[in-house]
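Visitor: First residue of the sequence shown: 40, per the numbering used here; consecutive thereafter.
Next up is a structure, given as structure tokens.
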Amino acid sequence: MNQSLKKFVIVVSIASVGGYIGHILNLPIGILMGSFITVAIAKISGLKVPPLKKKYKQMIQMLVGGLIGLNLQPDIVSLFFNHIVPGLIATVFHLLFAFLIAYIFTKLFRFKWLTALSGSLPAGMSEISIVADEIDVDVEVVMLMHLFRISLLILILPVIIKLLLL
């Protein structure tokens with residue numbers, strides 16, 4: 040087995056174990072966070088594996104796009120037209136708020152503009168990591184910002200919902 044394939048198998052194995060542990064421990068988005076944390080620990084501890092080449096990242100993007108496409112049903116067209124206005128309004132407000140947060144982060148924490156914006160956008164970790172990598176920002180900072188945001192939302196949101204329903 041050549042070296043790059045061996046390293047790939049090692050990373051996939053570490054990620055799989057971490058994802059399984061995250062799932063078993065019921066971590067927020069456990070599979071993603073578990074694999075992220077275990078691979079990050081391995082990398083920080085000295086695992087010498089370079090980031091994936093662009094062509095492999097693109098293949099993973101195609102796979103993710105296909106998986107998302109599999110979730111769509113024929114009735115999505117009518118749902119789309121029934122929800123386009125609220126969806127656009129929510130998007131505009133999300134983006135305005137993300138721009139405001141990014142501006143504050145650039146002033147208070149001296150983040151680069153695109154890193155602050157990428158870290159403030161309302162998106163999933165896997166999606167934003169792809170975008171962040173494409174626009175050449177500090178992917179680690181962006182991922183940490185999203186990790187904190189998602190973890191806190193998953194921990195706090197159920198409590199807020201219970202309080203609102205009382």
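Glycine residues also receive a C-beta, built at the ideal position from the N, C-alpha and C atoms.
Given the structure is predicted, the values throughout are model-derived calculations rather than measurements.
#1: If you reduce the DSSP assignment to three classes, tell me which class R188 lands in.
#2: Kindly indicate which residue of G69, F120, V170, V48 has the alpha-carbon position closest to the one of G57.
#3: Can you tell me the Cβ-Cβ gap for F144 and S159, rounded? I've got them flagged as a contact below 8 Å.
#4: Could you check which residue in R149, A162, A171 has the C-alpha nearest to that of R188?
#5: Closest to H62 by CA distance: which of I123, G126, T77, G73 is it?
#6: Just how far apart, CA to CA, sit Q100 and I169?
#7: Three Cβ pairs or more, each shorter than 8 Å: is that satisfied between the segment 96-116 and the segment 175-190?
#8: If contacts are defined as beta-carbon pairs under 8 Å, then I49 and T77 qualify, I think. What distance do you get, rounded to the angstrom?
#9: Hey, how far is the Cα of Y142 from the Cα of I128?
#10: Does T130 pass the burial test, meaning 16 or more other C-beta atoms within 10 Å, or should it be called exposed?
#11: Can you give the Cα-Cα distance for L186 and I167, rounded to whole angstroms?
#12: Mapping DSSP to helix, strand and coil, what is V88?
#13: Here's the rule: buried if 16 or more other CB atoms are within 10 angstroms of the residue's CB, otherwise exposed. What is F136?
Guide: Let me spell this out:
#1: Locating residue 188 in the sequence shown gives position 149, counting from the first residue. Looking at R188 - three-state DSSP - the assignment turns out to be helix.
#2: Stepping through the sequence shown from its first residue, residue 57 is reached at position 18. That would be G69, whose Cα lies nearest to the Cα of G57.
#3: Residue mapping note: residue 144 aligns to position 105 of the sequence shown, counting from 1. Residue mapping note: residue 159 aligns to position 120 of the sequence shown, counting from 1. The pair is a contact, with the Cβ atoms about 7 Å apart (cut-off 8 Å).
#4: Your numbering for residue 188 matches position 149 in the sequence shown. With distances taken between Cα atoms, R188 lies closest to A162.
#5: The residue you call residue 62 lines up with position 23 of the sequence shown. Of I123, G126, T77, G73, the residue nearest in Cα terms is G73.
#6: Along the sequence shown, one-based indexing puts residue 100 at 61. Along the sequence shown, one-based indexing puts residue 169 at 130. Going from the Cα of Q100 to the Cα of I169 covers about 8 Å.
#7: no
#8: Counting from 1 along the sequence shown, the entry for residue 49 is found at position 10. Counting from 1 along the sequence shown, the entry for residue 77 is found at position 38. Between T77 and I49 the Cβ distance is about 12 Å, and since that is not below 8 Å, they are no contact.
#9: Locating residue 142 in the sequence shown gives position 103, where the first residue counts as 1. Locating residue 128 in the sequence shown gives position 89, where the first residue counts as 1. Going from the Cα of Y142 to the Cα of I128 covers about 21 Å.
#10: For the purposes of this step, residue 130 is taken as residue 91 along the sequence shown, with counting starting at 1. It counts as exposed.
#11: Within the sequence shown, the letter at position 147 stands for residue 186. Within the sequence shown, the letter at position 128 stands for residue 167. In a straight line, the C-alpha of L186 is about 11 Å away from that of I167.
#12: As a working mapping, residue 88 is identified with position 49 in the sequence shown. Reduced to three states, the DSSP call for V88 is coil.
#13: If you number the sequence shown from 1, residue 136 lands on position 97. So F136 counts as exposed.
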